[in-house]
Each structure stands twice: as C-alpha cells, then as structure tokens.
Amino acid sequence: MHIKEFSAMTGLSQSSIRFYEKRGLLQSPREDNGYRDFSPEDAFRMNAFRKLLSYNFSIDEAINYIDSPQATDAFLTSLASRKDNIEEQIEILKRRVDTITNALGYIEQREGDNVFSLTNAPDCLYIQASVKRDFSVSMKRQETIAEFYGLLGASQCMRIIKSNLVESEAHTVIPNYIIGVRQTDAHLLSRNARQHARLLPLGPCVYWRREITRSEGTKGSSYEPLRRYLREHNLKIAGDILTAPQFLNLDGKGTDVENIYVPIEE
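Everything in the sequence shown is counted per the UniProt record's numbering, starting at 1 for the first residue and increasing by one.
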C-alpha cells in the first residue's frame with residue numbers, strides 16, 4: 001500500500017510516517033517509481049510500538065525494545081519503573097486538583113481578611129532559595145530546586161519568617177523564600193533531594209489567612225493582628241512561621257492571599 005493508505009490505516013500523518021522511517025522504526029521498500037510500499041506487517045509493527053509508548057516508554061526506548069525480547073528481567077524491571085512513575089504523576093495531578101478545588105472554594109466563599117483558627121499542620125521538607133533578598137544560596141542547590149519545581153502541585157513556593165521578627169515587633173519582616181513539600185510527600189523526591197532538604201516542624205499551629213499587598217506584608221506592623229490573637233488566646237510561638245501564598249495579585253492591584261502557619265507551644 002502507498003503512504004496515503006498507510007496513513008489512513010494507522011491514523012498517522014504522512015510527516016509522522018517519514019519521521020519514524022528516519023528513526024528506523026519503519027523500513028518499507030520503494031517501488032521502481034519511487035513510492036514507498038507499506039505492508040500490513042508495518043501497521044502491526046506500528047501498533048506494537050504504540051503499545052510500548054502506552055507503557056510510558058520514550059520514543060527511543062520503544063524503538064529499542066520493539067525488536068528485543070520483552071519477557072526479560074530487564075524489561076520487566078523497566079516496566080515496573082514506568083508504573084511507579086505514572087502512579088507518582090497521578091498523585092501529583094490529584095494534588096493539583098485539590099489546589100484548584102481549594103482556590104475555587106476560597107473565591108466562592110471569600111470569608112474575609114484576618115481569618116484565624118487552630119490546626120495541626122504537616123511538617124514541611126524544603127529547599128531554601130534565598131536568605132531574605134539574597135538568592136545566591138539557590139546556586140548551591142540548583143538541580144534539587146528544579147526537582148522540587150517538577151512536583152508543583154505536591155510542591156509549592158513558600159516563605160519562612162523567623163519567629164523572632166514577629167515577636168520582637170521588627171519594623172520590617174523579610175522572609176526567606178523556599179520551595180517545599182509536605183514531609184508525608186517525601187517519597188516523591190529522589191534520595192539526593194531528600195538528603196539536601198531541610199525540615200520545618202509545624203504540628204499544632206495558628207492558621208492565619210490574610211489579604212495584603214506585597215509591600216504592606218513586609219511591614220512589621222502588619223503582623224499585629226497575629227500578635228493580638230496570640231495574646232488574647234494565651235498562645236506562644238514555638239518556631240519559625242510558614243507562609244504559603246494561595247493567590248498572588250488576587251485583584252489586579254497587588255493583593256495577595258497568604259495562608260500562614262504559626263507553630264505554637266502545646
């Protein structure tokens with residue numbers, strides 16, 4: 001059959017067929033008039049190749065495996081690895097759905113500014129991207145930071161605020177910028193990333209949601225609602241504070257929505 005028929009039969013564009021010919025997947029002979037002569041066996045081969053792609057092999061891997069025995073220990077190990085990888089991707093996508101659901105819920109309800117409650121927050125594994133406004137520290141962990149970003153949905157860009165800045169009523173509060181995951185999601189990280197990550201213990205926390213502009217949020221006075229809540233409820237800060245932005249520039253005027261977790265003494 002000619003390339004047009006083969007294209008219709010396999011659902012491949014003619015340019016895709018030529019691409020796979022160049023990669024060595026299809027090796028159809030040419031007729032005297034120069035036209036390629038495809039056979040049903042070529043279509044069967046293409047279907048076998050697509051089956052390998054459905055197992056999450058790359059194009060190069062699938063081409064290498066298609067003519068190799070597929071009942072070997074090496075193939076089975078590779079297939080099991082693909083399964084694990086897809087399950088991790090599904091888990092990350094579920095987290096992204098949760099993130100979107102939470103965002104929709106916030107927009108629909110809009111409970112207002114300065115919402116406080118008590119919660120039990122999971123500990124955070126993170127990589128530090130800055131010391132206040134100095135981002136040179138990120139150069140030391142560039143590959144690990146990239147790995148964390150690859151998990152967005154399970155991972156999140158956040159900020160750590162030193163508790164003494166809030167307690168001492170410092171004039172300016174500049175956070176350290178981080179990217180982190182819940183400690184319970186550590187299995188999504190490579191061993192190397194886990195070794196380089198730091199732990200921020202949280203546990204019993206005051207949860208504070210506020211809407212504020214970035215510039216106002218760096219003023220020490222903007223933390224007075226938190227200090228007042230702690231005083232009124234006789235609570236003491238137990239460690240550094242985690243800020244997890246929910247929206248950035250929510251209203252087009254620079255107002256962010258921040259979810260702030262303040263560890264407290266039990």
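Cβ atoms here follow ideal geometry from the backbone N, Cα and C, with glycine treated the same way. In this text, all values refer to a predicted model and were calculated from it rather than measured experimentally.
What number of angstroms, rounded off, separates the C-alpha of residue i from the C-alpha of residue j?
i           : j    : result
C124        : G150 : 17 Å
R36         : M158 : 57 Å
T213        : S222 : 10 Å
V115        : L226 : 10 Å
F44         : P245 : 51 Å
K132        : V173 : 9 Å
F247        : V137 : 26 Å
D67         : G24  : 11 Å
K83         : Y55  : 8 Å
G11         : T72  : 31 Å
P175        : E143 : 22 Å
I179        : Q89  : 19 Å
Y65         : K140 : 38 Å
H233        : D185 : 32 Å
S168        : S81  : 51 Å
T243        : E87  : 29 Å
I264        : L202 : 8 Å
S16         : I92  : 31 Å
G153        : T255 : 22 Å
E216        : Y229 : 19 Å
I145        : I160 : 16 Å
E5          : R30  : 15 Å
F49         : I107 : 46 Å
K22         : M9   : 20 Å
residue 278 : D113 : Absent from the model: residue 278. The displayed extent of the chain is 1 to 266, so no value can be given.
L199        : S39  : 60 Å
H187        : R18  : 41 Å
Comparing alpha-carbon positions, which option in the options lies nearest residue i?
i           : options                : result
N47         : G203, P245, L26, S222  : L26
F204        : Q14, V262, S13         : In the sequence on display, residue 204 carries Pro and not Phe. For the residues Q14, V262, S13, the minimum Cα distance to P204 belongs to V262.
A170        : R210, K219, N64        : K219
G252        : Q109, Q156, E211       : E211
D32         : K51, H2, F49           : H2
I59         : H233, A121, Y20, R30   : Y20
A197        : Q183, F49, R209, G153  : Q183
L79         : F57, E91, I145         : F57
residue 288 : S163, L165, A129       : Past the edges of the chain, shown from 1 to 266, lies residue 288, and the structure says nothing about it.
S7          : T255, D42, P29         : D42
K51         : P40, Q70, F38          : Q70
S117        : K22, Y207, I260        : Y207
V166        : F135, M9, E224, T101   : E224
H189        : N85, L200, F135        : In the sequence as displayed, the identity of residue 189 is Leu instead of His. Closest by alpha carbon: N85.
D134        : Y177, E266, L235, V257 : Y177
Secondary structure at residue i, three-state DSSP: helix, strand or coil?
i    : result
T77  : helix
Q14  : helix
D134 : strand
K94  : helix
G220 : helix
Q156 : strand
R23  : coil
P225 : helix
L188 : helix
E211 : strand
V206 : strand
P245 : strand
D123 : coil
F44  : helix
G180 : strand
Y35  : coil
S7   : helix
L52  : helix
L151 : coil
T255 : strand
Q195 : helix
Q142 : helix
Taking residue i and residue j to be in contact with their CB atoms under 8 Å, please state how far apart those CB atoms are, rounded to whole angstroms.
i    : j    : result
A62  : L53  : 5 Å
V181 : S163 : That pair is no contact at about 22 Å.
R209 : N249 : With a Cβ gap of about 16 Å, R209 and N249 do not count as contacting.
Compute every distance between the C-beta of residue i and the non-hydrogen atoms of the ligand HEM, then say whether any falls below 8 Å.
i    : result
C205 : This structure lacks the ligand HEM, and indeed carries no ligand of any kind.
### Task
Answer yes if the segment 192-203 comes into contact with the segment 124-137, meaning at least three C-beta pairs across the two stretches below 8 Å, and no otherwise.
yes
### Query
Are three or more beta carbon pairs between the segment 231-240 and the segment 88-100 nearer than 8 Å?
no
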